[in-house]
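>
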């Protein structure tokens, strides 16, 4: 079994019937896997390639330059640079007694599990949580293009996908997108340094531990390295999301906010990053570095993300509390950083 790639062009250019058919198919894939893959979605290959090129330039900045714009590790929205080992995705989800991944509600997790990645998070200009940017002298045009062009591309696509989900779920148009008027989406460029395979065998380090994302949906562009896997709900285990020859392909993943809004009718995609398929049986050697770009499509911070009435019935009573998107976000981000020691800055690619 694999997650199919779906041509999204009919949603923007097709007839009403074609849009409905496509929306239904996408929504069915989300019900199966919490994820799908899209092609011909409107973001050009040139723009995606430029985003990767600027991302590479950012991560090649000196440590001094990156640390000068470091993210503050608290429960607020992430902004700026996060060093290797800063984020602990192992803290946000764990398996329950039935073997299903659930949101962690306690501190009974292994504090030593490390994510071997670094990233830079940003949002639009004027947000109440401002982004610290590298200087234009360090990377000419970085902010103007990443914020003014690529972020806007991704935000438009995310809203189209959420509109498709509204159609597929047969809820009124705007049910989800009307909760996104303040445009608080966040974009992340992410670098996984090269990593010795034998370090993975300790069980303490992964490129990214199993987790779900926090927003409505996540758009994820990945390079050709591989290693991303999504939980196989039908058979157990994991489904590799193997990069294809299409450089514009984007993965789409359901996040916790949409789970809450639909009272669990849609379930979030549990995913992690491990050794690529070609290296899984190796005992030694080095995994090559990996780059990804993610757009986290978020609800307005003061929007109610509790279950909608149409998804609460006598057979499916309310599973989640009524709370704001910011309350949900702060709870989840707080789990990432709780008591994480600064010593983890020493976790590096070949240490």
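Residue numbers (the working numbering): 816 to 1166.
The C-beta atom is built at its ideal place from N, Cα and C for all residues, glycine as well.
Source: prediction; values computed, not measured.
1. Going by the beta-carbon positions, is the gap between residue 975 and residue 1116 smaller than 8 Å?
2. Would you tell me roughly how many angstroms separate the C-alpha atoms of residue 1091 and residue 1051, rounded to the nearest one?
3. Along the chain, where does the beta strand (DSSP E) that runs through residue 1107 open and close?
4. Would residue 982 be called buried (16 or more neighbouring beta carbons within 10 Å of its own) or exposed?
5. To the nearest angstrom, how far is it from the Cα of residue 969 to the Cα of residue 1147?
6. Tell me, which residues are paired with residue 1066 by DSSP?
7. Who does residue 1021 pair with in a DSSP beta bridge?
8. Kindly provide the ranges of any alpha helix (DSSP H) runs that are 4 or more residues long and lie completely inside the region 952 to 976, ordered along the chain.
9. Below 8 Å CB to CB, which residues in the same chain sit around residue 997 once its five sequence neighbours on both sides are set aside?
10. Return the CA-CA distance between residue 1089 and residue 882, expressed in angstroms with no decimal places.
11. What separation, rounded to the nearest whole angstrom, lies between the Cα atoms of residue 940 and residue 963?
12. Name the one or two DSSP bridge partners that residue 868 has.
13. DSSP state of residue 913, grouped into three classes?
14. In angstroms, rounded to a whole number, what distance separates the CA positions of residue 1068 and residue 1054?
15. Quick check on DSSP: helix, strand or coil for residue 1124?
16. Helix, strand or coil, according to DSSP, for residue 1041 in the structure here?
17. Tell me whether residue 818 sits in a helix, a strand or coil according to DSSP, three-state version.
18. Is it the case that the Cβ atoms of residue 1126 and residue 1071 are separated by a distance below 8 Å?
19. Mapping the DSSP letters down to three states, classify residue 900 as helix, strand or coil.
20. To the nearest angstrom, how far is the alpha carbon of residue 1011 from that of residue 1096?
21. Residue range of the beta strand (DSSP E) that residue 1089 falls in?
The relevant details are as follows:
1. Along the chain shown, read from residue 1 onward, the residue named residue 975 stands at position 160. Along the chain shown, read from residue 1 onward, the residue named residue 1116 stands at position 301. Not closer than 8 Å, so no.
2. Taking the first residue of the chain shown as position 1, residue 1091 is located at position 276. Taking the first residue of the chain shown as position 1, residue 1051 is located at position 236. Residue 1091 and residue 1051 have their C-alpha atoms some 19 Å from each other.
3. Start at 1 with the first residue of the chain shown, and residue 1107 comes out as number 292. From DSSP, the beta strand (DSSP E) with residue 1107 extends over 1105 to 1112.
4. Looking up residue 982 in the chain shown gives position 167. So residue 982 ends up on the buried side.
5. Looking up residue 969 in the chain shown gives position 154. Looking up residue 1147 in the chain shown gives position 332. Rounded to the nearest whole angstrom, the CA to CA distance from residue 969 to residue 1147 is 23 Å.
6. Taking the chain shown and counting its residues from 1, the one referred to as residue 1066 is at position 251. Beta-bridge annotation (DSSP): residue 1066 is paired with 852 and 1035.
7. On the chain shown, residue 1021 is found 206 positions in, with the first residue counted as 1. According to DSSP, which records beta bridges pairwise, residue 1021 is partnered with 930.
8. DSSP runs (the alpha helix (DSSP H)) wholly in the region 952 to 976: 957 to 960.
9. Position 182 of the chain shown, counted from the start, is the residue given in the question as residue 997. For residue 997, where only same-chain residues beyond five positions count, the Cβ hits under 8 Å are 1115 and 1116.
10. Within the chain shown, the letter at position 274 stands for residue 1089. Within the chain shown, the letter at position 67 stands for residue 882. So the alpha carbons of these two residues sit roughly 27 Å apart.
11. Taking the first residue of the chain shown as 1, we reach residue 940 at position 125. Taking the first residue of the chain shown as 1, we reach residue 963 at position 148. If you take the alpha carbons of residue 940 and residue 963, they lie about 9 Å apart.
12. Here the question's residue 868 lines up with position 53 in the chain shown. According to DSSP, residue 868 bridges with nothing at all.
13. Here residue 913 refers to the residue found at position 98 of the chain shown. Low confidence applies here, because residue 913 scores a pLDDT of 49, under 50, leaving its location unreliable; read the following figure in that light. In the displayed model, residue 913 falls within coil according to three-state DSSP, outside both helix and strand.
14. To locate residue 1068, count along the chain shown from 1; it is residue 253. To locate residue 1054, count along the chain shown from 1; it is residue 239. Cα to Cα, residue 1068 sits roughly 14 Å from residue 1054.
15. Position 309 of the chain shown, counting from 1, holds the residue named residue 1124. Helix, per DSSP.
16. In the chain shown, counting from the first residue as 1, residue 1041 sits at position 226. Three-state DSSP puts residue 1041 in coil, outside helix and strand.
17. Working through the chain shown from its first residue, we reach residue 818 at position 3. Coil, per DSSP.
18. What you label residue 1126 is simply residue 311 of the chain shown in a count that begins at 1. What you label residue 1071 is simply residue 256 of the chain shown in a count that begins at 1. Against a cut-off of 8 Å, the Cβ pair of residue 1071 and residue 1126 comes out as no contact.
19. The residue labelled residue 900 in the question sits at position 85 within the chain shown. Collapsing the DSSP output to three states places residue 900 in coil.
20. For this step, residue 1011 is matched to residue 196 along the chain shown. For this step, residue 1096 is matched to residue 281 along the chain shown. Residue 1011 and residue 1096 have their C-alpha atoms spaced approximately 14 Å apart.
21. Along the chain shown, one-based indexing puts residue 1089 at 274. Counting along the chain, residue 1089 falls outside any beta strand (DSSP E), and DSSP gives it neither H nor E.
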